[in-house]
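**Student:** Sharing a structure below in structure tokens format, with a few things to ask.
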Amino acid sequence: KEKCSGPRRSRLTNGGNCNCNYKSDINPTITMSNDSLFAGIRFDRKKFGADIARFQKKNADTSLAKIQSVTEDEEIKETIEAVSAKKRKRKKTSSEAVDGFSVFRSSTSKSSEKVQADDDESIRLKKEKNKQLERDAIFRKSHNIHVSGYNVPSPLQSFDELKTSYKCPSYLLRNLAELGFREPTPIQQQAIPVLLQDRECFACAPTGSGKTLAFVCPMLMKLKAHSKGGVRAVIICHSRELSGQTYRECKKFAKGEKFRIKLMTKHLLEGSDFSNFPCDILISTPFRLRLATQRKKLDLSRVEYLVLDESDKLFEPGMFKQIDAIIKACTNPSIVRSLFSATLPDFIEDKARELMHDAVRVIVGRKNMASETIKQRLVFTGSEEGKLIAIRQSFAESLNPPVLVFVQSKERAKELYGELAFDNIRVDVIHSDLSQEERENAVDNFRACKTWVLIATDVVARGMDFKGINCVINYDFPDSASAYIHRIGRSGRAGRSGEAITFYTEEDIPFLKNVANLMTSSGCEVPSWLTELQKKKWRKHRPKRDSISTKPDKVAKKQVTEKAVEEAPAEKDSISTKPDL
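Here the sequence shown is numbered in the UniProt record's numbering, starting from 1 and rising by one per residue.
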């Protein structure tokens, strides 16, 4: 008898079945020897002979099954060991001899050599790329170029690279040489390679730094074949004067090639049949271009290049809806869009990122900074009457034409023109009330030095390129940082030196710190007391200023107006004292 391993440890009975129902570790089918079965007891073999025979046969069968099971286990174990040994067996390398397969050894060796050569070439190219990135970073730092974006192309170091690296046509290089372009400016060095690789970009560079060539040059290089129908490139400018100037520059750069360059004028808008309109480059203001698309006269679905010049002005509330409609009309999926301006406010940068895909940001110098070649100074005049005295005194002491004078409204432009016209000075004025022909004549006479002094509003301050302006006078204090930068940027263009004078009165002193900061950022010295002033946000609306005119009728009208203003409160008080009815 064997004891059960269960918790009750009862004895085995009935062929090994335990009364405690616990599954014993002892297999009841295992055969026990006769000695262990009958040890310590007396057993009557005659009485239980049949049972003994039955148990002995069962035990024999069980032993045979056990032997067979052990044999199978040993065979499985040997198989597993053989497989494991096969996996652990070291593979022969290509350098080891393989009987009957020497040809495969040679092939494997050649393949390994090829892989090694490819790895070496990849490492070499990676090192060369890193060296090029270092050279580009050093070059950009030396030219004060700041870029951001993925995989920005290397800057252009000379116009000769246009031919060697980008296959520039000979006519364009010849025109650049004839127009006096010897070396690319910083904005041209970076913006031209970006656009030539069909990357969208928004760029900010000082006034007079060559932004027009930066987007016209790659446009002409990409538009190789002439258009048989439809507009292929569009340049949007905020004013008619700037549109006309850009049109003339494009014609100069494309000289010698039969590019169809069109300027959207009133005559073209009203009389042309746009259904079959062969045009490579179309230059327009937002209003006229939007009018053409609204009338279904012009299809912009084939436009490949879209340029927004002076983009900060184009995205102002008065023009944003028109610009947005034009952008939506340009449905070509492969269109390349670019924005250029001398100032880049944060909201313009946000708009550019929403509009463009994988764009490159290019900043020359510091963002929203005036040109460092312009000498800037502030002149206190006390009042509006003092301004007229100061400008006459300035002209009497040292009139160095051409001089550009900025005022805040067309009414004040007319008044100042009326005062200076009798001072024996060749003066002219330009504003929105003049016809297109009169405005063009005023600009042409000023460019030809037939006019010494040109009085203008902020419309002329943006984008207009007047060669050799010696002095800019801010007769009225600017109402924003961008207005100041664009105004004085008419002088000191293309690396030339210039001068900017800003008049200010008692009313302008709270905003004087804003201009002082702009002067400091461009390297100009300012008095120490200006830096100690508290900075104040720019005015949202232009202030009302006294009339400039000193004519008797104007003075009388001014006195009557002042008298009416003084008497108005008294009348109001007398009315308010009446008893309620």
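We treat Cβ as the ideally placed atom computed from N, Cα and C, and that holds for glycine.
For the 8 angstroms Cβ check, are there 3 or more pairs between the segment 369–383 and the segment 156–168?
**Tutor:** Too few Cβ pairs lie closer than 8 angstroms, so no.
**Student:** Using beta-carbon positions only, say whether Glu241 and Met464 come within less than 8 angstroms of one another.
**Tutor:** Walking along the sequence shown from the start, residue 241 turns up at place 241. Walking along the sequence shown from the start, residue 464 turns up at place 464. Taking 8 angstroms as the Cβ cut-off, Glu241 and Met464 qualify as a contacting pair.
**Student:** Report all residues from its chain with a CB closer than 6 angstroms to the CB of Ile455; omit the five preceding and five following residues, and keep chain order.
**Tutor:** Counted from its first residue, the sequence shown places residue 455 at position 455. Taken in chain order, the residues that qualify are Val405, Ala413, Leu416, Tyr417 and Val429.
**Student:** Considering only the beta carbon of each residue, do Glu304 and Ile335 sit closer than 8 angstroms?
**Tutor:** Here residue 304 refers to the residue found at position 304 when the sequence shown is read from its first residue. Here residue 335 refers to the residue found at position 335 when the sequence shown is read from its first residue. A contact, by the Cβ cut-off of 8 angstroms.
**Student:** Within 10 angstroms of its Cβ, does Phe253 collect 16 or more other Cβ (buried), or is it exposed?
**Tutor:** Residue numbering aside, residue 253 sits at position 253 when the sequence shown is read from its first letter. Classification for Phe253: buried.
**Student:** Please tell me whether Leu291 and Leu269 are closer than 8 angstroms, where the distance is taken between their beta carbons.
**Tutor:** In the sequence shown, residue 291 corresponds to position 291, counting from 1. In the sequence shown, residue 269 corresponds to position 269, counting from 1. Contact flag set, yes.
**Student:** If you draw a straight line from the C-alpha of Phe215 to the C-alpha of Tyr247, how long is it?
**Tutor:** Indexing the sequence shown from 1 puts residue 215 at position 215. Indexing the sequence shown from 1 puts residue 247 at position 247. Their backbone Cα atoms lie some 13 angstroms apart in a straight line.
**Student:** May I have the straight-line CA-CA distance separating Leu173 from Lys167, to the nearest angstrom?
**Tutor:** Sequence index remark: in the sequence shown, residue 173 carries index 173 (1-based). Sequence index remark: in the sequence shown, residue 167 carries index 167 (1-based). Their backbone Cα atoms lie some 11 angstroms apart in a straight line.
**Student:** Can you list, in chain order, the residues of its chain whose CB lies under 6 angstroms from that of Ser209, leaving out five sequence neighbours each side?
**Tutor:** Here residue 209 corresponds to residue number 209 of the sequence shown, with the count starting at 1. Same-chain partners within the cutoff: Thr185 and Ile187.
**Student:** Count Cβ pairs between the segment 217–224 and the segment 250–266 that sit closer than 8 angstroms; are there 3 or more?
**Tutor:** The segment 217–224 vs the segment 250–266: in contact.
**Student:** When the Cα of Lys551 is compared with those of Ser409, Phe422, Glu440 and Ala516, which residue comes out closest?
**Tutor:** One-based indexing of the sequence shown puts residue 551 at position 551. Among Ser409, Phe422, Glu440 and Ala516, the Cα nearest to that of Lys551 is on Phe422.
**Student:** Identify, in the order they occur along the chain, each residue of the same chain with its Cβ nearer than 6 angstroms to the Cβ of Gln408, setting aside the five sequence neighbours on each side.
**Tutor:** On the sequence shown, residue 408 is found 408 positions in, with the first residue counted as 1. Asp476 and Arg542, listed in sequence order.
**Student:** Which residue from Lys387, Ser432 and Ser482 puts its Cα closest to that of Asp546?
**Tutor:** To locate residue 546, count along the sequence shown from 1; it is residue 546. Checking every option, the nearest Cα to that of Asp546 belongs to Lys387.
**Student:** Can you name the start and end residues of the beta strand (DSSP E) that Val429 belongs to?
**Tutor:** Against the sequence shown, residue 429 aligns to sequence position 429. Segment Val427 to Ile430, the beta strand (DSSP E) holding Val429.
**Student:** Quick check on the burial criterion: 16 or more other C-beta atoms within 10 angstroms. Buried or exposed for Val307?
**Tutor:** Within the sequence shown, the letter at position 307 stands for residue 307. Buried, because 16 or more other Cβ atoms sit within 10 Å of the Cβ of Val307.
**Student:** Should Arg490 and Val515 be called a contact, given that it needs their Cβ atoms to be closer than 8 angstroms?
**Tutor:** Within the sequence shown, numbered from 1, the residue matching residue 490 stands at position 490. Within the sequence shown, numbered from 1, the residue matching residue 515 stands at position 515. It is not a contact, given that the beta carbons lie outside the stated cut-off.
**Student:** Using DSSP with H/G/I as helix, E/B as strand and the rest coil, what is Thr502?
**Tutor:** Position 502 of the sequence shown, counted from the first residue, corresponds to residue 502. Correct three-state label for Thr502: strand.
**Student:** What does the Cβ neighbour count give for Cys449, buried or exposed, with the cut at 16 atoms within 10 Å?
**Tutor:** By one-based count along the sequence shown, residue 449 stands at place 449. The residue is exposed, with fewer than 16 neighbouring Cβ atoms inside 10 Å.
**Student:** Determine the closest residue to Arg392 out of Asn470, Ser497, Ile548 and Gly468, with distance taken between C-alpha atoms.
**Tutor:** The count along the sequence shown starts at 1 and reaches residue 392 at position 392. Among Asn470, Ser497, Ile548 and Gly468, the Cα nearest to that of Arg392 is on Ile548.
**Student:** What residue does the alpha helix (DSSP H) around Gln376 start on, and which one ends it?
**Tutor:** For the purposes of this step, residue 376 is taken as the residue at position 376 of the sequence shown. Where Gln376 is concerned, there is no enclosing alpha helix (DSSP H), although the beta strand (DSSP E) it sits in stretches over Ile374 to Gly382.
**Student:** For Cys250, does the three-state DSSP call read helix, strand or coil?
**Tutor:** Counting from one through the sequence shown, the residue named residue 250 turns up at place 250. If DSSP states are grouped into helix, strand and coil, Cys250 belongs with the helices.
**Student:** Which residue's Cα is closest to the Cα of Pro286: Lys296, Asn276, His267 and Gly318?
**Tutor:** In the sequence shown, residue 286 corresponds to position 286, counting from 1. If we check each option's Cα against that of Pro286, Gly318 comes out closest.
**Student:** On a Cα-Cα basis, can you pick out the residue from Ser122, Glu419 and Val427 that is closest to Val403?
**Tutor:** Within the sequence shown, residue 403 is the residue found at index 403, counting from 1. The shortest Cα separation from Val403 among Ser122, Glu419 and Val427 belongs to Val427.
**Student:** Just confirm the distance between the C-beta atoms of Trp538 and Asp458, as a whole number of angstroms; I'd bet it's less than 8 angstroms.
**Tutor:** Taking the sequence shown and counting its residues from 1, one reaches residue 538 at position 538. Taking the sequence shown and counting its residues from 1, one reaches residue 458 at position 458. Not a contact, Cβ separation roughly 14 angstroms.
**Student:** Expressed to the nearest angstrom, what Euclidean distance is found between the alpha-carbon atoms of Thr93 and Ser122?
**Tutor:** On the sequence shown, residue 93 is found 93 positions in, with the first residue counted as 1. On the sequence shown, residue 122 is found 122 positions in, with the first residue counted as 1. Residue confidence for Thr93 is low, a pLDDT of 47 falling below 50, so the modelled location carries little weight; the figure read from the coordinates is stated next. Distance between the alpha carbons of Thr93 and Ser122: 25 angstroms.
**Student:** If you drop the 5 nearest sequence neighbours on each side, which residues of the same chain put their C-beta closer than 6 angstroms to that of Ser239?
**Tutor:** As a position in the sequence shown, residue 239 is number 239, starting the count at 1. Counting only Cβ-Cβ distances below 6 angstroms, and skipping sequence neighbours, we find Val459.
**Student:** Taking C-alpha atoms, which residue in Ser341, Asp136, Glu349 and Val453 lies nearest to Ala483?
**Tutor:** Translated into positions along the sequence shown, residue 483 becomes position 483. The shortest C-alpha separation from Ala483 is found at Ser341.
**Student:** What residue from Pro169, Glu249, Arg295 and Ser398 has the CA that sits closest to Ala329's CA?
**Tutor:** Within the sequence shown, the letter at position 329 stands for residue 329. When each option's Cα is compared against that of Ala329, the closest is Arg295.
**Student:** Would you kindly work out how many angstroms separate the C-alpha atoms of Gly492 and Met369, rounded to a whole number?
**Tutor:** Within the sequence shown, numbered from 1, the residue matching residue 492 stands at position 492. Within the sequence shown, numbered from 1, the residue matching residue 369 stands at position 369. For Gly492 and Met369, the distance between alpha carbons rounds to 14 angstroms.
**Student:** For His486, is the classification buried or exposed, using 16 other Cβ atoms within 10 angstroms of its Cβ as the cut-off for buried?
**Tutor:** For the purposes of this step, residue 486 is identified with residue 486 of the sequence shown, where counting begins at 1. Buried, by the Cβ-count rule.
**Student:** For the beta strand (DSSP E) holding Pro184, just list the boundary residues, first then last.
**Tutor:** Sequence index remark: in the sequence shown, residue 184 carries index 184 (1-based). Segment: none, Pro184 is in no beta strand (DSSP E) and carries neither H nor E.
**Student:** Have a look at Pro510, Leu355 and Asn400 and flag the residue whose alpha-carbon is nearest the alpha-carbon of Glu200.
**Tutor:** Along the sequence shown, read from residue 1 onward, the residue named residue 200 stands at position 200. Closest by alpha carbon: Leu355.
**Student:** I'd like the ranges of any alpha helix (DSSP H) spanning at least 4 consecutive residues and lying wholly in the segment 271–349.
**Tutor:** Counting only runs of 4 or more, we get 286–294, 311–314 and 317–329.
**Student:** Less than 7 angstroms between C-beta atoms, sequence neighbours within five positions excluded: which residues of the same chain meet that for Asp433?
**Tutor:** Position 433 of the sequence shown, counting from 1, holds the residue named residue 433. Around Asp433: Lys410.
**Student:** Under the rule that 16 or more other beta-carbon atoms within 10 Å means buried, what is Val147, buried or exposed?
**Tutor:** Translated into positions along the sequence shown, residue 147 becomes position 147. When all chains shown are included, Val147 counts as buried.
**Student:** Determine the burial state of Thr531: buried for a count of at least 16 other Cβ atoms within 10 Å of its Cβ, exposed for fewer.
**Tutor:** To locate residue 531, count along the sequence shown from 1; it is residue 531. Exposed, because fewer than 16 other Cβ atoms sit within 10 Å of the Cβ of Thr531.
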